[in-house]
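Be aware that the sequence shown starts at 167, since it is given in my numbering, and climbs by one per residue. Ideal placement from N, C-alpha and C gives every residue a C-beta, glycine not left out.
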Amino acid sequence: MTLYLLVKYLHVLGAIVILGTGTGIAFFMLMAHRTSDAEFIARTASVVVIADAIFTLSAVILQPVTGGLLMMLSAMPITERWLLASLGLYVFAGLFWVPVVFMQIEMRDLARKAAEQRGALPERYFVLYRRWFAFGFPGFGATMLILWLMIAKPF
């Protein structure tokens with residue numbers, strides 16, 4: 167295996183991890199939210215926060231590193247339009263992902279407090295959940311578009 171293929175493999179693996187953990191996290195948070203059970207939501211959100219910290223963050227860091235190495239190894243100029251579009255979308259996705267991480271942490275904390283007090287989830291939790299849900303569409307959509315650009319290189 168050449169160095170280029172190894173780096174390309176790691177780059178594709180990073181994309182898979184970002185999309186896979188993003189999809190899994192969204193699914194598990196949605197399913198927990200639908201129960202309205204503060205204790206279950208708190209436990210699920212705790213795992214989600216850990217998964218984001220371990221898997222998503224490491225992949226998010228890996229992508230520009232491996233992408234830069236691929237550009238260097240293939241002598242691809244950064245001025246390629248598909249690449250510029252991908253980088254712009256990566257920043258765009260990050261503008262939605264970073265706040266989502268903090269929303270998940272606060273949602274976890276609010277659910278923990280409600281569970282400890284054996285009370286209902288506060289309105290703030292529902293505001294955050296709606297925002298978290300809404301932020302997922304542009305963030306995940308941008309990531310899906312980046313994957314397509316990486317494969318198709320349409321322009």
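- Taken through DSSP and simplified to helix, strand or coil, ASP203 comes out as coil.
- Unbroken alpha helix (DSSP H) runs of no fewer than 4 residues, entirely contained in the segment 212-247, are found at 223-240, following chain order.
- For GLU205, the CB contacts under 7 Å within the same chain, skipping 5 residues up- and downstream, are ALA281 in chain order.
- A buried status is given to LYS174, since no fewer than 16 other beta-carbon atoms sit within 10 Å of its beta-carbon.
- Going by DSSP, MET310 is part of the alpha helix (DSSP H) stretching over 289-318.
- Secondary structure at THR168: coil, using DSSP grouped into helix, strand and coil.
- Pairwise C-beta distances place the segment 245-255 out of contact with the segment 205-225, as fewer than three of them are shorter than 8 Å.
- For the 7 Å CB-CB criterion, ILE191 and VAL226 do not form a contact.
- When DSSP states are grouped into helix, strand and coil, GLY254 belongs to the helix group.
- Scanning its chain for C-beta atoms nearer than 7 Å, with the 5 sequence neighbours on each side dropped, one finds around GLY180 the residues ALA225, LEU228, GLN229 and THR232, in chain order.
- Just measuring C-alpha positions, the residue of LYS279, PHE299 and ALA241 sitting nearest PHE194 is PHE299.
- Here the alpha carbon of ALA286 sits roughly 14 Å from the alpha carbon of ARG274.
- Taking each of MET238, ALA217, SER202 and MET197 in turn and checking the Cα distance to LEU169, the smallest one comes out for MET238.
- Counting only the Cα atoms, PRO320 lies some 18 Å from LEU236.
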